[in-house]
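The block underneath contains the structure these notes are about, expressed in structure tokens.
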Ligand SMILES: Nc1ncnc2c1ncn2[C@@H]1O[C@H](COP(=O)(O)OP(=O)(O)O)[C@@H](O)[C@H]1O
Ligand code: SF4
Ligand SMILES: [Mg+2]
């Protein structure tokens with residue numbers, strides 16, 4: 259009896275899967291759970307994160323520092339520190355395969371080839387002892403099997419694409435001979451060298467000067483348009499989201515609390531946390547020192563399992579149910595989802 | 287660069303001049319008298335005094351020093367007090383065994399030490415890492431001669447697999463030469479492998495957490511490329527420094543090893559010379575060794591520029 263139920267369930271599950279298989283979906287992250295294992299404690303950095311990246315779109319990922327944006331990206335890429343971190347649950351489906359189940363060999367063929375990533379700090383993200391040309395060429399050599407000289411000319415082409423002047427000469431530069439903005443351009447060139455289907459950009463402008471930030475943003479937006487690659491744009495800056503993204507997910511304490519199109523999110527934010535963020539969107543003219551807003555209250559410790567809504571301690575709308583049961587991400591209008599028990603009240607408030 | 291080399295040369299000459307003074311004073315102020323040794327146990331006071339006069343040992347020290355320097359600058363390393371033969375000839379005879387032992391030891395320590403360190407860092411806390419911990423504790427604390435006699439007992443006397451001692455010149459056949467050098471090389475290498483491996487591990491561990499290693503992984507680089515391509519070159523500067531240092535310290539170990547294995551090398555020549563108070567030999571070997579250190583140091587500093595493009599002179 260039991261057996262039959264479970265196999266029935268599986269068949270239904272398959273149907274459901276078939277129905278949800280959306281040809282537009284490039285990356286489907288389901289219930290991603292990642293933990294850090296310390297000496298005595300376990301940090302639950304991701305407590306079940308689900309979202310999709312559609313082909314060719316730019317998806318923004320926002321949230322305060324420490325909410326799990328980078329860990330989400332690194333979990334997808336399987337680049338977490340081996341000794342301390344482990345993705346303990348969930349799936350990352352890409353072209354019908356769960357990346358989390360792939361042998362390392364197969365995963366390496368995805369990294370830098372199908373999914374590429376750029377990082378926050380361009381000053382430390384390039385290897386200081388190799389020329390930038392060689393570092394870009396390496397990606398090409400690994401994934402296309404091109405010869406060193408072909409890969410180097412490809413590297414020069416890529417430098418031209420990211421608008422570095424005099425690329426034939428610049429390929430022979432070492433990172434220390436370049437400015438931060440230029441190094442980030444090199445990182446972008448390296449990431450796009452194998453025409454990935456998805457580019458994960460983890461706060462690519464945070465470490466740069468304001469004027470350079472704007473240039474790099476414009477470059478990413480422009481390259482995205484021309485190449486059609488999907489971008490997962492991680493930032494703590496809602497202003498950047500508004501400029502670059504079509505859809506956005508808002509993270510808080512290792513979970514997604516709201517997900518919407520950018521226009522929807524800005525015109526009709528639902529989750530109390532998103533609203534608080536909006537209220538304090540930093541004035542970009544004030545310069546680069548804009549951190550995320552001070553919202554009163556403390557972020558829950560990830561060292562203990564969170565009971566109820568993770569935002570309850572800081573939420574003006576919190577009630578009994580919020581502190582007892584964890585809200586799930588539910589549809590709230592077309593292409594808009596919210597994890598909040600009192601979404602309706604919050605909206606009308 | 288040319289200016290840098292010139293500066294290095296000037297400082298090298300200064301260093302060697304100081305070493306010269308130090309060596310000269312050290313051996314002359316140490317107890318013992320070559321004339322007494324040379325004259326033999328039955329010699330009279332008068333005979334000893336005559337010999338002293340002949341050897342110029344009665345001249346004031348500054349005069350002796352100036353004579354020595356003058357000869358040195360003319361390329362004359364003097365003659366052995368004891369055998370009357372040219373010091374350079376004696377050295378040339380003894381060079382091959384010492385050079386063979388030193389270079390083989392260097393090759394073994396660097397390859398094994400660096401690989402050992404890399405593997406230990408790659409899986410820090412793993413089996414290889416713990417093995418290295420034990421090995422280096424052993425390598426640091428057990429003296430060369432203990433390791434030597436133990437290996438001889440185990441692999442030569444016990445089983446007869448390897449020669450117990452002695453040296454076979456390279457001209458008498460490569461395999462004979464090599465077989466005779468296996469035990470001495472392994473013996474001498476143990477502490478250096480430990481030393482190089484510890485430093486390689488530490489520098490690699492530091493490098494492995496760098497952001498650019500994550501960038502390399504994000505490109506799809508293999509573990510091999512990550513370790514030997516991206517990490518090793520960055521860890522190279524401290525590792526190279528240690529290799530340079532090890533080579534400099536090697537000479538002490540070489541003397542002991544040559545004694546344990548009865549190898550007629552420079553080490554043995556010096557030990558005998560010290561016993562006989564054969565000043566010219568001791569002086570020449572020490573001044574040449576100091577010159578070698580200076581050269582190695584320079585070579586290491588120049589090699590840095592090959593590893594790290596940010597280093598310029
Ligand atoms: N190397 C690490 N060791 C332990 N915990 C970590 C580590 N990196 C991240 N975490 C945990 O994961 C949480 C999310 O981090 P992260 O994804 O880097 O935040 P952000 O959203 O700022 O990118 C942090 O609050 C921290 O508790
Ligand atoms: S579930 Fe409750 S505590 Fe959480 S955000 Fe909604 S109202 Fe606030
Ligand atoms: Mg981050």
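Protein chains in written order, with the numbering used here: chain A, 259 to 607; chain B, 287 to 599. C-beta: ideal position from N, C-alpha, C; glycine also.
With 8 angstroms set as the bound, which would you pick, yes or no: does the beta-carbon of residue i sit closer than that to a beta-carbon of chain A?
i: residue 589 (chain B); result: no
i: residue 500 (chain B); result: yes
i: residue 508 (chain B); result: yes
i: residue 497 (chain B); result: yes
i: residue 415 (chain B); result: no
i: residue 537 (chain B); result: no
i: residue 503 (chain B); result: yes
i: residue 596 (chain B); result: yes
i: residue 529 (chain B); result: no
i: residue 456 (chain B); result: no
i: residue 525 (chain B); result: no
i: residue 593 (chain B); result: yes
Does the beta carbon of residue i sit closer than 8 angstroms to a beta carbon anywhere in chain E?
i: residue 404 (chain B); result: Within the model displayed, chain E is absent; protein chains A and B are what it includes.
Between residue i and residue j, is the Cβ-Cβ spacing less than 8 angstroms?
i: residue 329 (chain A); j: residue 304 (chain A); result: yes
i: residue 494 (chain A); j: residue 515 (chain A); result: no
i: residue 573 (chain B); j: residue 302 (chain B); result: yes
i: residue 403 (chain A); j: residue 504 (chain B); result: no
i: residue 587 (chain A); j: residue 511 (chain A); result: no
i: residue 555 (chain B); j: residue 371 (chain B); result: no
i: residue 426 (chain B); j: residue 477 (chain B); result: yes
i: residue 327 (chain A); j: residue 536 (chain A); result: no
i: residue 502 (chain A); j: residue 316 (chain A); result: yes
i: residue 553 (chain B); j: residue 544 (chain B); result: yes
i: residue 293 (chain A); j: residue 331 (chain A); result: no
i: residue 324 (chain A); j: residue 557 (chain A); result: yes
i: residue 399 (chain A); j: residue 406 (chain A); result: yes
Could you tell me the distance, in whole angstroms, from the CA atom of residue i to the CA atom of residue j?
i: residue 298 (chain B); j: residue 436 (chain A); result: 36 angstroms
i: residue 293 (chain B); j: residue 287 (chain B); result: 10 angstroms
i: residue 219 (chain A); j: residue 463 (chain A); result: Not covered by the structure: residue 219 (chain A). The range shown for chain A is 259 to 607.
i: residue 334 (chain B); j: residue 564 (chain B); result: 15 angstroms
i: residue 562 (chain B); j: residue 392 (chain B); result: 31 angstroms
i: residue 516 (chain B); j: residue 499 (chain B); result: 7 angstroms
i: residue 581 (chain A); j: residue 313 (chain A); result: 37 angstroms
i: residue 522 (chain B); j: residue 307 (chain B); result: 36 angstroms
i: residue 572 (chain A); j: residue 554 (chain A); result: 6 angstroms
i: residue 279 (chain A); j: residue 592 (chain A); result: Any answer about residue 279 (chain A) is weak, because its pLDDT of 49 lies below 50 and its placement is not dependable; what the coordinates show is given next. Their backbone Cα atoms lie some 18 angstroms apart in a straight line.
i: residue 533 (chain B); j: residue 352 (chain B); result: 31 angstroms
i: residue 374 (chain B); j: residue 360 (chain B); result: 13 angstroms
i: residue 413 (chain A); j: residue 479 (chain A); result: 21 angstroms
i: residue 492 (chain B); j: residue 513 (chain B); result: 12 angstroms
i: residue 476 (chain A); j: residue 300 (chain B); result: 59 angstroms
Please look up how many angstroms separate the CB atoms of residue i and residue j, rounded, as I've assumed it's under 8 angstroms.
i: residue 518 (chain A); j: residue 594 (chain A); result: 4 angstroms
i: residue 334 (chain A); j: residue 357 (chain A); result: 7 angstroms
i: residue 481 (chain A); j: residue 456 (chain A); result: Incorrect: roughly 13 angstroms between the Cβ atoms, too far for contact.
i: residue 531 (chain A); j: residue 491 (chain A); result: About 19 angstroms; that fails the 8 angstroms criterion.
i: residue 536 (chain B); j: residue 401 (chain B); result: Between residue 401 (chain B) and residue 536 (chain B) the Cβ distance is about 20 angstroms, and since that is not below 8 angstroms, they are no contact.
i: residue 520 (chain A); j: residue 534 (chain A); result: No, residue 520 (chain A) and residue 534 (chain A) are not in contact; Cβ-Cβ is about 18 angstroms, not under 8 angstroms.
i: residue 398 (chain B); j: residue 479 (chain B); result: 5 angstroms
Nearest chain B C-beta to residue i closer than 8 angstroms, yes or no?
i: residue 404 (chain A); result: no
i: residue 219 (chain A); result: The structure shown does not extend to residue 219 (chain A), since chain A is modelled only from 259 to 607, so the question has no answer here.
i: residue 437 (chain A); result: no
i: residue 383 (chain A); result: yes
i: residue 531 (chain A); result: no
i: residue 536 (chain A); result: no
i: residue 610 (chain A); result: The shown model of chain A, from 259 to 607, leaves out residue 610 (chain A), and the question about it has no answer.
i: residue 326 (chain A); result: no
i: residue 377 (chain A); result: yes
i: residue 293 (chain A); result: no
Can you confirm whether the region 565-572 of chain B touches the region 359-368 of chain B when touching is taken to mean that 3 or more C-beta pairs between the two stretches lie within less than 8 angstroms? yes
Counting Cβ pairs, one atom from each stretch, are 3 or more of them under 8 angstroms apart for the region 373-381 of chain A and the region 581-592 of chain B? no
Could you say if the region 307-322 of chain B and the region 342-360 of chain B meet the contact criterion of at least three C-beta pairs nearer than 8 angstroms? yes
Is there contact between the region 381-390 of chain B and the region 539-556 of chain B, where contact requires at least three CB pairs shorter than 8 angstroms? yes
Evaluate the contact criterion for the region 483-499 of chain B versus the region 399-408 of chain B: three or more CB pairs, one atom per stretch, below 8 angstroms. yes
How about the region 383-398 of chain A and the region 422-433 of chain A: do they share at least three Cβ pairs that are nearer than 8 angstroms? yes
Give a yes or no on contact between the region 413-426 of chain A and the region 438-447 of chain A, applying the rule of three or more CB pairs nearer than 8 angstroms. yes
Does the region 282-290 of chain A come close enough to the region 462-478 of chain A to have 3 or more Cβ pairs within less than 8 angstroms? no
With contact counted as at least three CB pairs below 8 angstroms, one residue from each stretch, are the region 340-351 of chain A and the region 458-473 of chain B in contact? no
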